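These protein sequences, in sequence, are chains A and B. Under numbering that gives the first Met the number 0, the first residue of the first sequence carries the number 0, and numbering increases by one thereafter. Under numbering that gives the first Met the number 0, the first residue of the second sequence carries the number 0, and numbering increases by one thereafter. Just so it is clear, CB atoms sit at the ideal spot from N, CA and C, and this is done for glycine as well. Given the structure is predicted, the values throughout are model-derived calculations rather than measurements.
Protein chains: 2
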Amino acid sequence: MAGAQEGDDRTTHPAPDQGPLDADARVARGEDAPSARVPLSTERIVDAAVEFIDDSGLPGLSMRRLGALLGVEAMSLYRYVPGREQLLDAVVERIVDQMEADPDVLETPEHGWQDYLQRLAHGIRRVALTHPKAFPLVASRPAEAPWLRPPLRSLRWVEAFLEGLAREGFSDNAAVEAYRAFTSFLLGHLLLEVAALGADLGPLDVVEEDADNSLAFYPNIRRLSGQLHEDHSATEFEDSLENLLQRLTLIRTES
Amino acid sequence: MAGAQEGDDRTTHPAPDQGPLDADARVARGEDAPSARVPLSTERIVDAAVEFIDDSGLPGLSMRRLGALLGVEAMSLYRYVPGREQLLDAVVERIVDQMEADPDVLETPEHGWQDYLQRLAHGIRRVALTHPKAFPLVASRPAEAPWLRPPLRSLRWVEAFLEGLAREGFSDNAAVEAYRAFTSFLLGHLLLEVAALGADLGPLDVVEEDADNSLAFYPNIRRLSGQLHEDHSATEFEDSLENLLQRLTLIRTES
DNA sequence: GCGGCTGACTTACGGCGTAAGTTTGCTTAC
DNA sequence: GTAAGCAAACTTACGCCGTAAGTCAGCCGC
């Protein structure tokens, strides 16, 4: 996740020769200058933004607060990021990239297309659950093109998907149809799942408490209250995915 | 939709020249004072907010602008609405209620549960497509309880759904499972559909123009560009819904 | 006539995104 | 050693935002 900044301690200029004596001495001794200020970078800013959203939610994120988190005035961010909107775009991109980095997600089918889509779906789900507060952003930010559907919203993703399926005997139409079915399946499931996650940690259960009062007129809800509260996200996801794959089997050959 | 503000021409001050006498006289004559100021009301405000979002999108909506649209200072809205957040909640509720008002949506199955779910799904889709800019709000606003899933996010809806299915021979578990499958199906499909709608009217097709340049490394996308651009939302929705109903047929008896 | 109520307007505060300008301190050239 | 160059940060300022608190005009029942 934050693997992009392995050298973030003291990156101020290649510094063939460190300016102040102290710094020199410290470097010579093999220590990192403890108070050396880490310069900003687009990466660092985006990472901090993702972290902030994961911790405190999207609405709390402001340029000023993000600057404070990085120990910097808000305006300093504008050297690396054009503005708030573009920052959010970058956050989305970072998260989408994270899906690609998942080692279990194969770029190309190696054990059949079903295995391929299974791994892909689970990889994306894993990332979504890692960022429950940020995932809605991935889902709802306007895409670059209307056919670039979330959560697979990068050209590279779509290309890999189509290539993978074509390689596995999908006709052109079938591959596109599979792409559409796959994305809307993922979006629906994952959005609801992260919403439930966020709600758990978040606010009050308004409906809950006076179960006998307010639910008097909702006998079915009251009766099924137990089942409604049970969390079957994982198996639900599995079952729906299984069903989708079966459906794609038909599409693959007929469409 | 916008029917709530029939008197929206000149709602500002009652035209100072005509004092109370004139008004009295008019009332005595049985006319409605033609320029009588329509008083604010929660309804009028929420309706205006929905209309504003449909026209100009959510991010442009501010209390000040909404006030201006209603011919009123921003602060006057606070007499009827606790604040911006609650106003958005009310907008969501209004849209959800609109689904219920659809004459084709039956409260109770009359021609079998499949017909019932078909009508329900289409009714909700209709409302979603009527408010493409506002629907994401319905999808992403935190619900009152985690099991109150969008887009069927009111107790009444869920109660009607469960009651309808129970009446049609669904076991308790099957009904709940159906509820979950149905909502995630709707959410995925409709969110993608309204996103595509919004994108059409909205911004630039960045990816599009230099099709031969930027897509050089994405041969599949370039080859399938035609298919990717085609709009099959309606049949896609139909097919997926059909598939879902078949799946629910199994769940109905076995689960 | 009057006191209070209703429904609007006015003022004010702190936070927001960000355009524009300014300071700081290291790097490099002479 | 000093001066020029320059990147990276800070400072100021503007207009918009949500909204707390106070004000004021007209209408009601007494």
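Count the C-beta pairs between the stretch 151-168 of chain A and the stretch 212-220 of chain B that are closer than 8 Å, then say yes if the count reaches three, no if not. By the C-beta criterion, the stretch 151-168 of chain A is judged to be in contact with the stretch 212-220 of chain B, since at least 3 inter-stretch pairs fall below 8 Å.
Can you give me the C-alpha to C-alpha distance between residue 41 of chain B and residue 134 of chain B, rounded to a whole angstrom? 20 Å
Does residue 104 of chain B come out as helix, strand or coil in the three-state DSSP assignment? coil
Measuring straight from C-alpha to C-alpha, what distance separates residue 95 of chain B and residue 249 of chain B? 29 Å
Count the other CB atoms within 10 Å of the CB of residue 124 of chain B; is the residue buried (16 or more) or exposed (fewer)? Under this definition residue 124 of chain B is a buried residue.
Assuming residue 47 of chain A contacts residue 65 of chain A (C-beta within less than 8 Å), just tell me the rounded distance between them. 6 Å
By DSSP, does residue 151 of chain A sit in helix, in strand, or in coil? coil
Within 10 Å of its beta-carbon, does residue 231 of chain A have 16 or more other beta-carbons around it, so buried, or fewer, so exposed? With fewer than 16 Cβ atoms within 10 Å of its Cβ, residue 231 of chain A is classed as exposed.
Candidates B/227, B/139, B/43 and B/118, of which the one nearest residue 76 of chain B by Cα: B/43
Unbroken alpha helix (DSSP H) run spanning residue 218 of chain A, endpoints: 218-222
Chain A partners of residue 165 of chain B, CB-CB under 8 Å? 219
With the cut-off set at 7 Å, would you say residue 145 of chain A and residue 174 of chain B are in Cβ contact? No; because the gap between Cβ atoms is not below 7 Å, this pair is not in contact.
Could you run through the stretch 145-161 of chain A and flag, in chain order, every residue whose CB is less than 9 Å away from some CB of chain B? 145, 146, 147, 148, 149, 154, 155, 157, 158, 159, 160 and 161
How is residue 235 of chain B classed by DSSP in three states: helix, strand or coil? helix
Straight-line gap, residue 227 of chain A to residue 192 of chain A (C-alpha atoms, nearest Å): Rounded to the nearest angstrom, the two C-alpha atoms are 14 Å apart.
Please return the same chain residues whose Cβ sits closer than 8 Å to the Cβ of residue 39 of chain B, not counting the five positions on each side in sequence. 69, 71, 75, 76, 78 and 79
DSSP-derived helix/strand/coil call for residue 169 of chain B: coil
Can you give me the C-alpha to C-alpha distance between residue 121 of chain B and residue 131 of chain B, rounded to a whole angstrom? 15 Å
Chain B within 7 Å of residue 122 of chain A, Cβ atoms only: no
Where residue 83 of chain B meets chain A, residues with beta-carbon distance less than 8 Å: Those do not exist, as residue 83 of chain B stays about 11 Å from chain A at its closest Cβ, beyond 8 Å.
Beta-carbon neighbours of residue 171 of chain A, restricted to chain B and to distances below 8 Å: For residue 171 of chain A, the residues of chain B that pass the 8 Å Cβ criterion are 222, 223 and 226, in the order they occur in the chain.
What would DSSP say about residue 188 of chain B, mapped onto helix, strand or coil? helix
Are the stretch 53-64 of chain A and the stretch 96-108 of chain A touching, with three or more C-beta to C-beta distances below 8 Å? no
Go ahead and label residue 247 of chain B buried or exposed: buried means 16 or more other beta carbons lie within 10 angstroms of its beta carbon, across all protein chains shown. buried
Assuming contact is defined by CB atoms lying nearer than 7 Å, are residue 176 of chain A and residue 108 of chain A in contact in what I supplied? no
Distance cutoff 7 Å, beta carbons only. Does residue 109 of chain A sit that close to anything in chain B? no
If you follow the alpha helix (DSSP H) that residue 39 of chain B is part of, which residue opens it and which one closes it? Careful: residue 39 of chain B lies outside any alpha helix (DSSP H) and carries neither H nor E.
Please confirm whether residue 28 of chain A has its beta-carbon closer than 7 Å to some beta-carbon of chain B. Because residue 28 of chain A sits at a pLDDT of 40, beneath the cut-off of 50, its placement in the model cannot be relied upon, and the point is left open.
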